[in-house]
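Below: the structure, in structure tokens.
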Amino acid sequence: MNAESDERGKATAVASNPVTGDVTAPEGAEPELGSRAPHFIKRSKPLHLSWQVGVFVVGLAVVGAGIVMLPLPGPGWLVIFGGMAIWATEFVWAQLVLRWTKRKVTEAAQRALDPRVRRRNIILTTIGLVIIAVLVGIYVWKFGFEMPWKIKE
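What follows is the structure, encoded as structure tokens:
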């Protein structure tokens, strides 16, 4: 076992598997960056390259489907992040993008749970609903329940 310390000064233990030589991070730590292909695929450069091409093509198809779903009905962003997760199994840049995205989503969730932010959001929503109700009331008072377009024609 190797003992390494991170920038905060805490010691973290890193264990390696004696059979495969893979390094595993302790619980709670972020996994190592790099390929997660099986060891027998990593040993052969042509096989590993074809594995990476396959992962890229599958991830590209999933991300493309997610982009198509953005204007159409469907979980577009969820599918795009799924494609990024597929890419992250093999490419460091995708792993870094996913880590950044997870960190930003966690920060946004923490900000949304802040009582001051929640109170502000409730007040702004209430004000917006009151303004919409007043505008609808003025429209109904002035024009009645008549729609601005002629439905019967």
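Residues 33 to 185, numbered by our numbering, are exactly what the sequence shown covers, in order.
Every residue gets a Cβ at the ideal spot worked out from N, C-alpha and C, and that includes glycine.
Computed from a prediction, not measured in an experiment: that's the story for all the values here.
Would you tell me roughly how many angstroms separate the C-alpha atoms of V121 and G98, rounded to the nearest one? Counted from its first residue, the sequence shown places residue 121 at position 89. Counted from its first residue, the sequence shown places residue 98 at position 66. According to the sequence shown, residue 121 is Thr rather than Val. If you draw a straight line from the Cα of T121 to the Cα of G98, it comes to about 18 Å.
Could you give the residue range of the alpha helix (DSSP H) that holds E139? Along the sequence shown, read from residue 1 onward, the residue named residue 139 stands at position 107. Under the DSSP assignment, E139 falls in the alpha helix (DSSP H) whose first and last residues are V124 to A144.
Below 6 Å CB to CB, which residues in the same chain sit around P107 once its five sequence neighbours on both sides are set aside? Taking the sequence shown and counting its residues from 1, one reaches residue 107 at position 75. Cβ neighbours of P107 beyond the five flanking positions: none.
Own chain residues within Cβ distance below 7 Å of V90, not counting five before or after: Locating residue 90 in the sequence shown gives position 58, where the first residue counts as 1. So the qualifying residues of the chain are I118.
Please classify G176 as buried or exposed, where buried requires at least 16 neighbouring CB atoms within 10 angstroms. Within the sequence shown, numbered from 1, the residue matching residue 176 stands at position 144. The residue is exposed, with fewer than 16 neighbouring Cβ atoms inside 10 Å.
Considering only residues of the same chain and omitting the five flanking positions on each side of V129, which have a CB-CB separation below 7 Å? On the sequence shown, residue 129 is found 97 positions in, with the first residue counted as 1. Around V129: M116.
Buried or exposed for A126, going by 16 or more other Cβ atoms inside 10 Å? Indexing the sequence shown from 1 puts residue 126 at position 94. In the assembly as shown, A126 is a buried residue. Its beta-carbon has 16 or more other beta-carbons within 10 Å.
Please classify F123 as buried or exposed, where buried requires at least 16 neighbouring CB atoms within 10 angstroms. Here residue 123 refers to the residue found at position 91 when the sequence shown is read from its first residue. Buried.
Whole angstroms is fine: what's the gap from I112's alpha carbon to L92's? Taking the sequence shown and counting its residues from 1, one reaches residue 112 at position 80. Taking the sequence shown and counting its residues from 1, one reaches residue 92 at position 60. If you draw a straight line from the Cα of I112 to the Cα of L92, it is about 9 Å long.
Buried or exposed: which applies to V94, given that a residue is buried once 16 or more other Cβ atoms fall within 10 Å of its Cβ? Residue numbering aside, residue 94 sits at position 62 when the sequence shown is read from its first letter. Classification for V94: buried.
Please confirm whether any heavy atom of the ligand FAD lies closer than 7 Å to the CB of V162. Among the components modelled here there is no ligand, and therefore nothing to report on the ligand FAD.
Taking the straight line between their C-alpha atoms, what separation do you get for G96 and V162? As a first step, residue 96 is located in the sequence shown; it is residue number 64 there, counting from the start. As a first step, residue 162 is located in the sequence shown; it is residue number 130 there, counting from the start. Each residue's Cα considered, the two are about 41 Å apart.
Between R143 and V149, which are expected to be in contact by the criterion C-beta below 8 Å, what is the C-beta distance as a whole number of angstroms? Indexing the sequence shown from 1 puts residue 143 at position 111. Indexing the sequence shown from 1 puts residue 149 at position 117. The pair is a contact, with the Cβ atoms about 6 Å apart (cut-off 8 Å).
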